[in-house]
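Quick note, the sequences are listed as chains A and B, same order.
If you use this note's numbering, the first sequence corresponds to residues 1 to 261, in order.
If you use this note's numbering, the second sequence corresponds to residues 262 to 622, in order.
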Amino acid sequence: MGWPLIRVYTVLVYLFMFLPVAVVVLLSFNASQFGSFPMTGLSFRWFVELAHNDAILRAFRTSIVLGALTALISTTLGVLASLALVRYNVAGRNLISTLLIAPILVPEVVLAVALLLFLNFLSINKSFFLLLMGHVIFTLPFVILVVQARLVGIRRDYEEAALSLGASPVQTFFQITLPLLAPAVFAGMLFAFTISFDDITGTLFWKPGGVETVPTQIFAMLRNSISPEINALGTVMIFLTVGLPLLGLAIARRMAMQRGG
Amino acid sequence: MGAVSLTNIVKRFGSFTAVHRMSMDIPEGSFVTLLGPSGCGKTTTLRMIAGLIDPTEGEITIKGQQVNDVPIHKRNLGLVFQNYALFPHKTIAQNVAFGLKYRNLTKADMDRKVRDVLDLVQLPHVAERYPKQLSGGQQQRIALARAIVIEPDVLLLDEPLSALDANLREDMRVELKRIQQRIGITTVFVTHDQSEALAMSDRVVVMSDGRIEQIGTPEEVYNTPASEFVSRFLGISNILDATCTELTADGLSLELPVFGRITVPKDRAPHVEGPGPAKLVIRAEKLLLADSSQAMEGRLALDGVVEAVVYQGQAARYFVRIGDRQLQAINMINERPFQEGETVSVRFRPRDCAALPGASA
């Protein structure tokens, strides 16, 4: 196959991947009632309606609170777990490491059903807290992978030097280890937030009655009708879940460069 | 009792014994070097003094106080690493001031101490820079400054010069020794480089396989090695099997094939206890090659043939066959080095030789 053919083929693959997304974004600016081509004019009316839709605003708030808490808890646990796995000779280190990474490997539906059945078995009712814990379980592996990779690259010398100068282990962590780890911690946090923010499978199983996140809200709206509002919401979601990590990674890279890699 | 004392220290990692029952005393204000090949336990020993590793058995005291259970951050030590370990996210001034923050000083005192120590290491102008903006040699000076500014009881140096290139390393030796003498701090230096050890130390502790082979001044370990290992590790030695026939007030008489009878002064063979198998040690630079015609007083002379020459600039290293033995000689070059295949007269003074007990391996 010659280069021109490969080029055409590549363009087709990208079109296949991104055209639907582009259509959603494009249609969200459509003035018409019906979310279809041909477009009748440019308008922000669906974004305005979105901003006045209480259900969606509530879902938005829920998603942001859920994502932020998930990021916070996952990152804290992830940093602690990484420290234990990398810096200390924990018995069964490999097993623990595999178990912590496992939620990535298990299909999400299986994980979701398993947790639900487990809660039933314990006769615990679904709650926001349990939804949060569910999200923590499957965002934790991402945080651990990112933080561990960086921690391995931070020489023990730095910490030993700080200790020898009189800093206690806790002071050493906050003065030396954490600042050097910051880019990874930040990236891990963003991963956790975005993964939580656009998760639907687990959330559908775990959410208590009456609580909707943005993805479950869209899902519910789609069951009634295909409103152009959904296109607008989709556009907002795309910018949040694609733009935020890109921005975050750029910041993380800058931080890493300032800190001397 | 010294500034640092190790008593019957043993360190095992699983079934591997890194340090075998070691005892030593490091006098206040002295510069002591732990010298040995990699894996000899020298770094492990240093890390035990630092508190980064716990000894399996034995007692460590610093300034008379037992520190086995004192964690590293309460030991008041200065530690300098091979890779400098300057905190990359802090400026030089912040790096140097790091240890001072934990010592209840006023801001003014801290600033003054940081300035003074930067002057001492001759880098007063770099305070606001970041570590990666400095050269390797500068970083190592800052690492030293950071370690000594807290006025530690002991300064521990773990191969601090190994990462520097050769010329800089020589300069830093002089610099490090100057600073150590200026502040009179007890220093433990770990290296595998014999010339560093000989150049800088008050005492050298030669280690091998987790054991102390010899402790002595640089001249003692060089001239009067206590074991074959020491004589082989420091410099280049010719070690010949011999038989000790007699121990007299003058010295001990050794019988060797080809060489005949050689009398070694008693103080050059403190470890030979009586007649029996022994070893004769001749340093390569004590063997002088000469044209057969030249006469030299007080030296034994043997005929040999040059088998190989390694040109080293001002000196040359020769491999000379004498009888069935090949010996090494390092001589300054006079006009021209001897050539391969040349017949030379090999000369040495018996009083430059040393002897070891000779349970031949």
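Backbone N, C-alpha and C define an ideal beta-carbon position, used for all residues, glycine too.
None of these values were measured; they are calculated from a predicted model.
Between which residues of its own chain and residue i is the CB-CB distance below 7 Å, once the five residues before and five after are set aside?
| i | result |
| --- | --- |
| A:D198 | P215, M237 and T241 |
| A:V147 | G78, V79, S82, L181, A184, V185 and G188 |
| B:T305 | K272, A279, V280 and I314 |
| B:E289 | G263, A264 and T447 |
| A:T194 | T241, L244 and P245 |
| A:I176 | Y158, E159 and A162 |
| B:M433 | G398, Q401, L422 and L425 |
| A:Q217 | A55, I56 and A59 |
So for residue i, helix, strand or coil by DSSP?
| i | result |
| --- | --- |
| B:L254 | Residue 254 of chain B is absent from the model: chain B starts at 262 and stops at 622. |
| A:M39 | coil |
| A:G2 | coil |
| B:K393 | helix |
| B:L296 | strand |
| A:H52 | helix |
| A:V211 | coil |
| A:V106 | coil |
| B:D245 | The requested residue 245 of chain B does not occur in the structure, where chain B is confined to residues 262 to 622. |
| B:P598 | coil |
| B:T268 | strand |
| A:Y14 | helix |
| B:R282 | strand |
| A:T194 | helix |
| B:L384 | coil |
| A:Y88 | coil |
| B:A577 | strand |
| A:I73 | helix |
| B:I411 | coil |
| B:T398 | It is worth fixing the name first, because residue 398 of chain B is Gly in this sequence and not Thr. Reduced to three states, the DSSP call for B:G398 is helix. |
| B:V607 | strand |
| B:V571 | strand |
| B:G477 | strand |
| B:N484 | helix |
| A:P245 | helix |
| A:I64 | helix |
| A:G153 | helix |
| A:A167 | coil |
| B:T322 | strand |
| B:V331 | coil |
| A:M255 | helix |
| B:Q589 | strand |
With a CB to CB cut of under 6 Å and the five nearest residues on each side skipped, what residues in its chain are close to residue i?
| i | result |
| --- | --- |
| B:Q475 | V467, V482, A487 and V491 |
| A:G261 | Because A:G261 carries a pLDDT of 42, less than 50, the predicted location of this residue cannot be relied on, and the following value inherits that uncertainty. Nothing meets the Cβ criterion. |
| A:G67 | F193, S196 and F197 |
| A:F191 | F142 |
| B:V571 | R578 |
| B:R308 | I314 |
| B:P385 | L379 |
Going along the chain, which residues of its own chain have a beta-carbon closer than 8 Å to the beta-carbon of residue i, five neighbours each way excluded?
| i | result |
| --- | --- |
| A:A31 | M39, T40, G41, L42, S43 and R45 |
| B:T352 | A388, E389, R390 and Y391 |
| B:A404 | V341, F342, Y345, A346, L347 and P421 |
Within the segment 416-458 of chain B, note down every full beta strand (DSSP E) run reaching 3 residues or more, in order along the chain. 447-452
_I'd like to know if the segment 479-499 of chain B and the segment 310-326 of chain B are in contact, where contact means that at least 3 CB-CB pairs between them fall below 8 Å._
no
Is it the case that the segment 366-380 of chain B contacts the segment 409-417 of chain B, given that we only count it when at least three CB pairs across the two stretches are under 8 Å?
yes
### Query
For the segment 540-569 of chain B, which segments carrying the beta strand (DSSP E) assignment without a break, of at least 3 residues, lie completely within its bounds, in sequence order?
549-551
To test your reading of the DSSP string, which unbroken alpha helix (DSSP H) runs of 4 or more residues are found completely within the segment 499-532 of chain B?
none
Review point. Quick one, which residues of the segment 164-180 of chain A are near chain B if we go by CB-CB under 7 Å, in chain order?
Key: Close to chain B, meaning a Cβ-Cβ distance shorter than 7 Å, are the following residues of the segment 164-180 of chain A: S164, L165, G166, A167, S168, I176, P179 and L180.
Whether or not the segment 135-142 of chain A and the segment 222-232 of chain A are in contact is what I'm after, with contact meaning three or more pairs of Cβ atoms, one per stretch, closer than 8 Å; do they touch? no
Can you list, in chain order, the residues of the segment 263-291 of chain B whose Cβ is nearer than 7 Å to any Cβ on chain A?
none
- Item | Meets three-Cβ-pair contact criterion under 8 Å: the segment 443-457 of chain B and the segment 345-352 of chain B | Three or more beta-carbon pairs separated by less than 8 Å are not found between the segment 443-457 of chain B and the segment 345-352 of chain B, which leaves the two stretches without contact.
Residues of the segment 85-98 of chain A with a CB closer than 9 Å to any CB of chain B: list them in chain order, please. none
Using a Cβ distance threshold of 8 Å, determine whether the segment 495-508 of chain B contacts the segment 327-336 of chain B, with at least three qualifying pairs required. no
Self-check item: Residues in the segment 325-348 of chain B having any Cβ partner in chain A nearer than 9 Å
Solution: Identification of residues in the segment 325-348 of chain B having a C-beta nearer than 9 Å to some C-beta of chain A yields P332, I333, H334, K335, R336, N337, L338, G339, L340, V341, F342, Q343, N344, Y345, A346, L347 and F348, given in sequence order.
Taking contact to mean 3 or more Cβ pairs, one atom from each stretch, closer than 8 Å, check whether the segment 397-405 of chain B and the segment 358-375 of chain B are in contact.
Because the criterion of three Cβ pairs below 8 Å is not met, the segment 397-405 of chain B and the segment 358-375 of chain B do not touch.
**Item:** Under 8 Å (Cβ pairs) to chain B, residues found in the segment 196-209 of chain A
**Value:** none
Decide if the segment 533-542 of chain B is in contact with the segment 600-617 of chain B; the criterion is three or more beta carbon pairs, one per stretch, under 8 Å apart.
yes
task: Could you tell me whether the segment 568-584 of chain B touches the segment 594-601 of chain B, where touching means 3 or more Cβ pairs closer than 8 Å?
output: Counting C-beta pairs closer than 8 Å gives three or more between the segment 568-584 of chain B and the segment 594-601 of chain B, which meets the contact rule.
Taking contact to mean at least 3 C-beta pairs separated by less than 8 Å, is the segment 513-528 of chain B in contact with the segment 557-572 of chain B?
yes
### Query
At a Cβ cut of 8 Å, what residues of the segment 151-162 of chain A count as close to chain B, listed as they run along the chain?
Interface annotation for the segment 151-162 of chain A against chain B: R155, D157, Y158, E160, A161 and A162, criterion Cβ-Cβ distance under 8 Å.
Compile a chain-ordered list of the residues in the segment 356-380 of chain B whose CB is closer than 7 Å to at least one CB of chain A. F359, G360, Y363 and R364
Contact residues within the segment 486-506 of chain B, judged by C-beta distance below 7 Å to chain A: Result list empty, no residue passes.
- request: Using a Cβ-Cβ cut-off of less than 7 Å, give me the residues of the segment 308-322 of chain B that come near chain A, in sequence order.
  value: From the segment 308-322 of chain B, only A311 and L313 have a Cβ closer than 7 Å to chain A.
According to a CB-to-CB cut-off of less than 9 Å, which residues of the segment 428-443 of chain B neighbour chain A? none
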